[in-house]
Ligand code: ADP
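In this note's numbering, the protein residues as written are 121 to 609.
Okay, here's the thing in structure tokens:
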């Protein structure tokens with residue numbers, strides 16, 4: 121049951137949202153935060169592109185709301201904007217329909233095409249709010265794909281009722297910024313020439329940066345953990361925007377993500393061999409582990425082996441070079457490793473190689489597979505997240521929720537959510553390391569193994585502690601709502 125309506129209206133604008141289209145954590149947040157805000161009494165609309173890759177079953181449920189032509193580009197070319205709508209559990213999803221931009225790709229293709237696509241999308245998002253006469257208190261924009269919304273709001277939409285809306289821009293990952301030649305962005309955005317003369321947009325003499333522009337114009341900036349909010353103000357993590365972010369930091373807050381505890385509920389999870397809760401996790405985890413081994417063709421001869429799971433995009437960000445470097449040392453005859461992910465061929469091939477080398481003890485499942493992800497979270501004993509940087513990270517939260525002990529690097533949200541194990545006090549949620557070196561990852565892995573094999577009661581206590589940790593959206597949604605209210609005050 122939701123609370124009484126606060127009357128507070130929020131529009132979410134972003135490029136992906138589970139269950140329609142998701143490539144990473146952004147898709148999860150776009151799904152879960154609106155639902156959590158509804159529970160806090162807000163009205164929420166989520167604005168998304170109508171990509172071709174959205175499953176037909178959702179397209180079949182969409183209702184046509186209306187359409188109009190919108191001018192875009194420096195030349196004022198006009199483009200069709202259709203609005204297709206679904207309501208799901210109190211959240212209204214408005215999809216922007218334009219085949220020219222959204223009929224291909226899954227959903228991203230390459231920056232050259234993505235820049236026009238998201239210029240159009242950002243402007244159309246405001247245009248449909250205007251068309252529907254739904255004027256939100258806050259327009260909450262996500263990542264570079266929606267970063268032009270604050271600029272359109274204060275330029276092209278300055279004299280319509282939307283002008284009273286405040287804009288918030290959330291940084292989910294600063295690595296991707298939407299950088300292109302100034303002329304390309306000037307042409308496709310159709311934004312006033314003058315904006316391009318100032319540091320607002322300029323990356324350098326030739327290039328413009330959409331994220332940079334959005335951060336300068338947004339009424340508020342958030343990012344997905346307090347530690348990442350600090351880190352991105354340093355040259356090491358700032359992706360060349362650290363000075364810009366330091367300048368705008370008075371408007372910036374870090375609010376850690378949660379996970380959707382209905383989707384990620386081990387006691388009702390139909391994908392598991394044996395659903396469980398904190399009271400029977402120890403027996404049931406064993407059943408799930410055996411089922412997982414069987415499904416993936418891992419050896420079940422020495423049943424007592426410790427299973428490490430890793431579910432991730434296989435990119436440099438995720439610290440996989442560290443895993444690669446110590447893989448042979450992890451494989452000690454008592455350990456099994458399951459990797460689920462796709463991405464950089466370098467890592468895909470490395471994990472395939474280890475699967476072959478350590479037959480029966482390593483599985484490299486090179487694909488995107490939601491169902492298997494659930495089974496790994498449930499069946500693994502420990503979970504690796506040794507990221508180079510991690511704005512928030514969801515996998516460690518899911519792992520904890522499923523009673524799996526994370527081994528993480530102390531960066532971004534990993535640092536904020538995984539308390540290091542303290543043997544003296546018998547506290548903590550997992551094993552952590554600070555500097556980005558293979559030796560320290562190996563040390564953390566070995567500490568996890570030592571506790572697992574030599575002090576099972578303490579390990580089991582950590583499993584239970586992790587399952588009971590609050591990783592839901594409730595607290596974070598409250599913090600967002602407070603920040604929205606601050607903006608409107
Ligand atoms: P990022 O957004 O950087 O990819 P997050 O940890 O924030 O990382 O979110 C990753 C999300 O994507 C999690 O829900 C995780 O379970 C899911 N995920 C990542 N790779 C896969 C995969 N190969 N198969 C299924 N789910 C995956």
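Note that beta-carbon positions come from the ideal geometry of N, C-alpha and C, so glycine has one too.
Note that the structure is a prediction, hence the values are computed from the model and not measured.
Backbone CA spacing between residue i and residue j [nearest angstrom]
i: residue 319; j: residue 268; result: 15 angstroms
i: residue 121; j: residue 152; result: Because residue 121 carries a pLDDT of 45, less than 50, the predicted location of this residue cannot be relied on, and the following value inherits that uncertainty. Approximately 16 angstroms, taken between the alpha carbons.
i: residue 391; j: residue 491; result: 6 angstroms
i: residue 297; j: residue 537; result: 26 angstroms
i: residue 615; j: residue 322; result: Residue 615 is absent from the structure shown; the chain starts at 121 and stops at 609.
i: residue 428; j: residue 480; result: 14 angstroms
i: residue 598; j: residue 350; result: 21 angstroms
i: residue 572; j: residue 401; result: 15 angstroms
i: residue 589; j: residue 607; result: 31 angstroms
i: residue 348; j: residue 306; result: 31 angstroms
i: residue 139; j: residue 544; result: 43 angstroms
i: residue 223; j: residue 531; result: 38 angstroms
i: residue 410; j: residue 591; result: 27 angstroms
i: residue 189; j: residue 324; result: 34 angstroms
i: residue 605; j: residue 274; result: 20 angstroms
i: residue 583; j: residue 524; result: 6 angstroms
i: residue 468; j: residue 416; result: 17 angstroms
i: residue 114; j: residue 169; result: For residue 114 there is no data in the structure shown, the boundaries of the chain being 121 and 609.
i: residue 394; j: residue 146; result: 29 angstroms
i: residue 407; j: residue 387; result: 14 angstroms
i: residue 575; j: residue 430; result: 24 angstroms
i: residue 136; j: residue 421; result: 43 angstroms
i: residue 221; j: residue 283; result: 27 angstroms
i: residue 292; j: residue 513; result: 10 angstroms
i: residue 483; j: residue 472; result: 8 angstroms
i: residue 250; j: residue 143; result: 29 angstroms
i: residue 196; j: residue 397; result: 58 angstroms
i: residue 228; j: residue 154; result: 23 angstroms
i: residue 389; j: residue 242; result: 36 angstroms
i: residue 511; j: residue 533; result: 6 angstroms
i: residue 488; j: residue 456; result: 20 angstroms
Terminal residues of the beta strand (DSSP E) in which residue i lies
i: residue 309; result: Looking at the DSSP string, residue 309 is not in any beta strand (DSSP E); the run it does join, the alpha helix (DSSP H), is 302–309.
i: residue 276; result: Residue 276 -> no beta strand (DSSP E), and no H or E assigned at all.
i: residue 213; result: 211–217
i: residue 191; result: 183–192
i: residue 605; result: No beta strand (DSSP E) contains residue 605, which is instead part of the alpha helix (DSSP H) from 594–608.
i: residue 623; result: Outside the modelled stretch of the chain, which goes from 121 to 609, sits residue 623, for which no answer is possible.
i: residue 268; result: Segment: none, residue 268 is in no beta strand (DSSP E) and carries neither H nor E.
i: residue 169; result: 163–169
Range covered by the alpha helix (DSSP H) that runs through residue i
i: residue 240; result: 231–252
i: residue 537; result: 532–537
i: residue 448; result: 440–450
i: residue 262; result: First-last for residue 262: 258–262, but that is the beta strand (DSSP E), not the alpha helix (DSSP H).
i: residue 380; result: It is not in any alpha helix (DSSP H) - residue 380 carries neither H nor E in the DSSP assignment.
i: residue 388; result: Here residue 388 belongs to no alpha helix (DSSP H), and DSSP marks it neither H nor E.
i: residue 454; result: It is not in any alpha helix (DSSP H) - residue 454 carries neither H nor E in the DSSP assignment.
i: residue 576; result: 576–588
i: residue 471; result: 465–477
i: residue 497; result: 490–499
i: residue 517; result: 515–521
i: residue 286; result: Per DSSP, residue 286 belongs to no alpha helix (DSSP H); it is in the beta strand (DSSP E), 286–291.
Local Cβ density within 10 Å of residue i, reported as buried at 16 or more and exposed below that
i: residue 419; result: exposed
i: residue 312; result: exposed
i: residue 370; result: exposed
i: residue 97; result: Look at the range of the chain in this structure, 121 to 609, and you will see that residue 97 is not part of it.
i: residue 432; result: buried
i: residue 413; result: buried
i: residue 498; result: buried
i: residue 547; result: exposed
i: residue 176; result: exposed
Candidates the options, of which the one nearest residue i by Cα
i: residue 132; options: 188, 237 and 265; result: 265
i: residue 171; options: 463, 218 and 187; result: 218
i: residue 343; options: 388, 295, 389 and 300; result: 295
i: residue 601; options: 502, 340 and 357; result: 340
i: residue 290; options: 372, 550 and 358; result: 372
i: residue 580; options: 252, 142 and 404; result: 404
i: residue 258; options: 346, 174, 127 and 366; result: 127
i: residue 181; options: 198, 527 and 214; result: 214
i: residue 367; options: 353, 235 and 463; result: 353
i: residue 302; options: 336, 236, 272 and 356; result: 236
i: residue 447; options: 526, 475, 437 and 500; result: 475
Residue i CB to nearest heavy atom of the ligand GDP below 6 angstroms
i: residue 488; result: The ligand GDP is not part of the structure shown, which contains the ligand ADP as its ligands.
Does the structure place the region 362–379 close enough to the region 505–518 that three or more beta carbon pairs sit under 8 angstroms? yes
With three or more C-beta pairs closer than 8 angstroms as the rule, is the region 498–512 touching the region 433–443? yes
Count Cβ pairs between the region 176–195 and the region 155–163 that sit closer than 8 angstroms; are there 3 or more? no
Would you call the region 328–348 and the region 203–212 touching, i.e. three or more CB-CB distances under 8 angstroms? no
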